[in-house]
Structures are given as C-alpha cells and as structure tokens.
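S.K.: Before I ask anything, let me first share the structure, which is written out below as structure tokens.
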Amino acid sequence: MFKNSTLILFLLLCTFALPAWSQSKPTSTEQESVVKIVKAYPNPASTKIYFEIQRNNDKIYEIIVFNFLGKKVDHLKNVSVKKELNLENYYSGLYIFQLREVNGTLVESGKFNVVK
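Here the sequence shown stands for residues 5 to 120, numbered as in the working numbering.
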C-alpha cells in the first residue's frame, strides 16, 4: 500500500513539475535585444563615476540617483553623451540610478557601488 501511494505521489509531482523543467532558455538573439543605453563606470567607484550614453539618437536625458533607502541624493540634467558625478559627498554603499527622458519617462535603471 505504501509503495503504491508513493509511486502515485511521485508521478503527480513529476506531472506538475515537468513543464517548469522544459521551459526553454532565451536564445542569443533574445538576449542581444536587451541592450543597455547607459553605462556606469567604474563600478565600484570611490571618487568619481561616469555615466555614458551608448545610443544617443540626439536625445537629452536626466539621471536621478537614489540611496538604497530610496532618498534622492542627486539629479543630473542635460545628459547627452557622457556625464561625470563627483562622489565626494557620498557614503559607502549601494546607489540606484534612473535614466529618464526630459519629459520624465523612465528609460532604464541601474545600480552602482561606492567604496571608500
């Protein structure tokens, strides 16, 4: 009796778990379509970090920087190609940035680490 119920339970678990195992991974062309617009380097940084727009299309962006608690700590305006951010007044830790169009539309977000 115990063997039969164990076998039935095993078959039921395999039936429900099999679709999750058989899901395909994204192909290389799907992975290439997720191209970052802004590059933040060096990461981690100690004194300065640079934000470089990879695909400009003659657009002007804004970069808003938040600390890990969600408090806005910096707002860089008129970013078109490359912008330098001085980290002199930053504490060590993780920061989140948002790349926004001038009208406020969120384009991309990322993170960087400050080490001192």
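Cβ coordinates follow ideal geometry from the N, Cα and C atoms, glycine included.
Please state the DSSP three-state secondary structure of residue 47.
M.R.: Reduced to three states, the DSSP call for residue 47 is coil.
S.K.: With a 10 Å radius around its C-beta and 16 neighbouring C-beta atoms as the bar for buried, classify residue 123 as buried or exposed.
M.R.: Look at the range of the chain in this structure, 5 to 120, and you will see that residue 123 is not part of it.
S.K.: According to DSSP, is residue 72 helix, strand or coil?
M.R.: Of the three classes helix, strand and coil, the one that applies to residue 72 here is coil, per DSSP.
S.K.: For residue 113, report the span of its beta strand (DSSP E) as first-last.
M.R.: Looking at the DSSP string, the run of the beta strand (DSSP E) that includes residue 113 is 110-118.
S.K.: Could you check if residue 57 is buried or exposed, using at least 16 other CB atoms within 10 Å of its CB as the buried criterion?
M.R.: The residue in question, residue 57, is buried, as its Cβ has 16 or more Cβ neighbours within 10 Å.
S.K.: Considering residue 102, what are the terminal residues of the beta strand (DSSP E) in which it resides?
M.R.: First-last of the beta strand (DSSP E) with residue 102: 97-105.
S.K.: Round the Cβ separation of residue 110 and residue 102 to the nearest angstrom and send it over; I've been treating them as touching at under 8 Å.
M.R.: Between residue 102 and residue 110 the Cβ distance is about 6 Å, and since that is below 8 Å, they are a contact.
S.K.: Would you give the residue range spanned by the beta strand (DSSP E) that residue 89 belongs to?
M.R.: Segment 86-90, the beta strand (DSSP E) holding residue 89.
S.K.: Hey, quick one: how far does the beta strand (DSSP E) through residue 53 stretch, first residue to last?
M.R.: From DSSP, the beta strand (DSSP E) with residue 53 extends over 52-57.
S.K.: If you drop the 5 nearest sequence neighbours on each side, which residues of the same chain put their C-beta closer than 6 Å to that of residue 78?
M.R.: So the list reads 69, once near-sequence residues are dropped.
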